[in-house]
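Have a look at the structure below before the remarks.
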Amino acid sequence: YILQVIFRGMKSNHAELIAMAQILLSYILPQMKFKEKVVTKMLKSVKNCIKKKASMESMMVVIMLVRTQNKINYEKKVWPIVASLEVVINEALNMLDDVETLHNVDNILYTLALLLQPLAADKRSPLPACPKSALQLLAFSAQILKSIPATSQHLVSEETVAGIGDVAAKLVYRARNTPTPSLVDAESVRNAAASADKILKQLNKSYPEIYQKVVVDTDDIDVYFMGDDASHASGKEGLVNKPASNAVAAKKILLNNNLVDVFKQKLIDPDLRKKPKAKKSLEKNGNDLKFLLEMETKFLLDNLPGDDFQHLMFNCLLMLGPVGQEIALRHLCSQEAWQDGKEASSSGGDTME
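Heads up, the sequence shown is in our numbering, so the first residue is 12 and it goes up one at a time.
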């Protein structure tokens, strides 16, 4: 009987009655499992409501359906519905100063990760094409991560961020390892990889600890080697093209070396260099630091966001011997480093001094 009332309400042309019916449906969904036929009818009713007017209530119903009901064909029945809710997502992203809206955005991003799981289910299988609706969901995910203010990032759950990061990483692996003869729609695969690249880069910038958890728990570390923006502009996504072996090795050092992690976080007291424990640590990690310093400046800038590049170089100046100091100084004085500093200054970031 309750479902009949809900369906009748959702068929109404009265906005408040539709909203009430959707809220009521969101309330009962966690209480019971419905047959596939009933779930399909629910999705169809939500779709009709969105055609009348897209709303956060419609989004919440879709979220509850995805999280509480089984045997839903995401690709055919849910991806297009969520893609049609772009205006709702954009409205939410313009209201991120509101805590309740942030909670809704967290729910949306978590659900997007669930919906995109089919693309990441078997990362070793080829990805011949990526549906248009899936591309839209990936773009939504990248935009959400980018839009969350730094002061509010703690309000987004670690589970949510790790979930979308895991999907992006596995999707990139599939895209990179798909043989050209297997491609049905190469452009859609490139676009999917580009969106996944943006998600991983934003993850590394905003949630570095979670990013490291995502990438360190795999042997396929080269999958997570991030391309730069110029590569996207040229249509050569860094995540699709396999990186050079030295770049993979350098990336591993950046992710896994504890001393490098300390060096990039803040400036170190140079007096520590005289202490036995510090000397031992420098000796143990000297080869890794030397290997990093021998990389191109552009690589270091691309993979050391924010102040990490400056911190690492200045700490090398303070803590290493003459050879390491000379290379670090050369990086700091390079044209790429100064250009990066100017761009940060023009966008309101810190400048190099």
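Glycine residues also receive a C-beta, built at the ideal position from the N, C-alpha and C atoms.
Values in this document were obtained by computation on a predicted structure and should not be read as measured data.
Leaving out five residues before and five after residue i in sequence, what residues of the same chain have Cβ atoms less than 7 Å from its Cβ?
i, result
"GLN223", "LEU266"
"ILE232", "With a pLDDT of only 41 at ILE232, under the threshold of 50, the placement of this residue in the model should not be trusted; the figure read from the coordinates follows. Here the set comprises VAL226, VAL259, LYS262 and LYS263."
"GLY20", "LEU28, ILE29, MET31 and ALA32"
"GLU68", "ALA30, GLN33 and ILE34"
Between residue i and the rest of its own chain, which residues show a CB-CB distance below 6 Å, the 5 nearest in sequence each way excluded?
i, result
"TYR218", "VAL172"
"LEU250", "The predicted model places LEU250 with a pLDDT of 39, which falls under 50 and marks its position as unreliable; any figure quoted below should be read in that light. If we look at LEU250 and ignore the five residues flanking it on each side, its Cβ neighbours are VAL183, ALA204, ASP208 and GLY238."
"THR122", "ILE74 and VAL77"
"LEU104", "SER158"
Pop quiz: residue i and residue j are said to be a contact at Cβ under 8 Å. What is the actual Cβ separation, rounded to whole angstroms?
i, j, result
"VAL178", "THR189", "That pair is no contact at about 17 Å."
"GLN147", "ALA94", "4 Å"
"GLY335", "LYS301", "7 Å"
"LEU113", "LEU156", "So it is not a contact: roughly 13 Å between Cβ atoms."
"SER152", "LEU120", "6 Å"
"LEU311", "VAL271", "At roughly 11 Å, the Cβ-Cβ gap does not stay under 8 Å, so LEU311 and VAL271 are not in contact."
"LEU214", "GLY176", "5 Å"
"ILE92", "LYS58", "5 Å"
So, at 8 Å on beta carbons, what are the nonlocal neighbours of residue i in its own chain, with the 5 sequence-adjacent residues on each side left out?
i, result
"ILE421", "Summary: the structure shown does not reach residue 421, with the chain confined to residues 12 through 364, and so no result is reported for it."
"GLN276", "ASP319 and HIS322"
"LEU315", "LEU265, LYS275 and LEU323"
"LEU107", "LEU113, VAL116, SER158, ILE159, PRO160 and SER163"
"LYS290", "ARG284"
Comparing the CB of residue i with every heavy atom of the ligand ZN, is any distance shorter than 7 Å?
i, result
"PHE151", "The model depicted lacks the ligand ZN and carries no ligand whatsoever."
message: For the segment 59-76 against the segment 128-139, do three or more pairs of beta-carbon atoms, one drawn from each stretch, fall closer than 8 Å, so that the two count as touching?
response: no
field: Sufficient close CB pairs (3 or more, under 8 Å) joining the segment 80-91 to the segment 28-36
entry: no
- prompt: Touch check for the segment 188-200 and the segment 133-150: three-plus C-beta pairs under 8 Å?
  reply: yes
message: Going residue by residue through the segment 53-85, where are the continuous alpha helix (DSSP H) segments of at least 4 residues, counting only ones entirely within it?
response: 67-79
message: Extract the residue ranges of the beta strand (DSSP E) inside the segment 76-131, only unbroken runs of 3 or more that lie entirely within it.
response: none
query: Of all the alpha helix (DSSP H) runs that stay within the bounds of the segment 314-347, which reach a length of 4 or more residues?
result: 319-330 and 333-343
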